[in-house]
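Each residue of the sequence shown is one higher than the one before, counting from 18 in the working numbering.
Backbone N, C-alpha and C fix where the C-beta goes; we use that ideal spot for every residue, glycine too.
Since the structure is predicted, the reported quantities are computational estimates derived from the model, not experimental observations.
Working notes, beginning with the structure itself.
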Amino acid sequence: MSHSNPCIRCGACCAYFRVSFYWGETTAHPDGTVPIELTEPVSPYYVAMRGTNQAKKRCVALAGEVGQEVNCTIYAARSSSCHECQAGDERCNRARRAWGMPEMDAQGVIQKVCQKVCDTNDAANPQGTFRAID
Numbered sequence: 018m019s020h021s022n023p024c025i026r027c028g029a030c031c032a033y034f035r036v037s038f039y040w041g042e043t044t045a046h047p048d049g050t051v052p053i054e055l056t057e058p059v060s061p062y063y064v065a066m067r068g069t070n071q072a073k074k075r076c077v078a079l080a081g082e083v084g085q086e087v088n089c090t091i092y093a094a095r096s097s098s099c100h101e102c103q104a105g106d107e108r109c110n111r112a113r114r115a116w117g118m119p120e121m122d123a124q125g126v127i128q129k130v131c132q133k134v135c136d137t138n139d140a141a142n143p144q145g146t147f148r149a150i151d
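See below:
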């Protein structure tokens, strides 16, 4: 299966770094989105995703097999620290190396995603007229 999002096959960052963030991002706060029951406190003001604050890290929200096919079970509600990790950046490649995967070229990732968007738009609009992508 081909995916335009390279993270779908990876998951290394979710099983390498401690995923910590301000407690106000959890559902314990009225504006929070991350389910509080999936976190554990690491300081008076910060929490970590369960499974990431230990020697052998793996985020409790990560489903699947690292390096094969994975998904985040709370993707729409994930923390700011998850948003900050980008495919092909230095942290991504550090995690990939630790898992024995080759580094990812950030520019290549951008080009592949842009090509997928263009292909999708072309297929939906064979006349070639311009239309905005939502």
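- Query: If we ignore side chains and look at the alpha-carbon of each, how far apart do P61 and T43 end up?
  - Reply: 14 Å
- Task: Helix, strand or coil for F147, going by three-state DSSP, please let me know.
- Result: Low confidence applies to F147: its pLDDT is 47, below 50, so where it sits in the model is not reliable, and the reading given next is rough at best. Looking at F147 - three-state DSSP - the assignment turns out to be coil, as it is neither helix nor strand.
- Task: Using beta-carbon positions only, say whether R35 and V59 come within less than 9 Å of one another.
- Result: yes
- Message: By the three-class DSSP mapping on this structure, what secondary structure does G117 have?
- Response: coil
- Message: Quick check: the Cα distance between Q71 and A32, rounded to an integer number of angstroms?
- Response: 11 Å
- Message: Beta-carbon within less than 8 Å of V174's beta-carbon, same chain only, minus the 5 sequence neighbours each way: which residues are those?
- Response: The requested residue 174 is not part of the displayed model; the chain covers only 18 to 151.
- Message: Can you check which of these residues, N22, E54, Y63, is closest to S97 by C-alpha distance?
- Response: Y63
- Can you round the beta-carbon distance between T50 and A94 to whole angstroms, since I take them to be within the 8 Å contact cut? 4 Å
- Message: In the DSSP output, which residue or residues are listed as bridge partners for V87?
- Response: G81
- Please name the residue, chosen from F38, V83, H46, that lies closest to R67 on a Cα-to-Cα basis. F38
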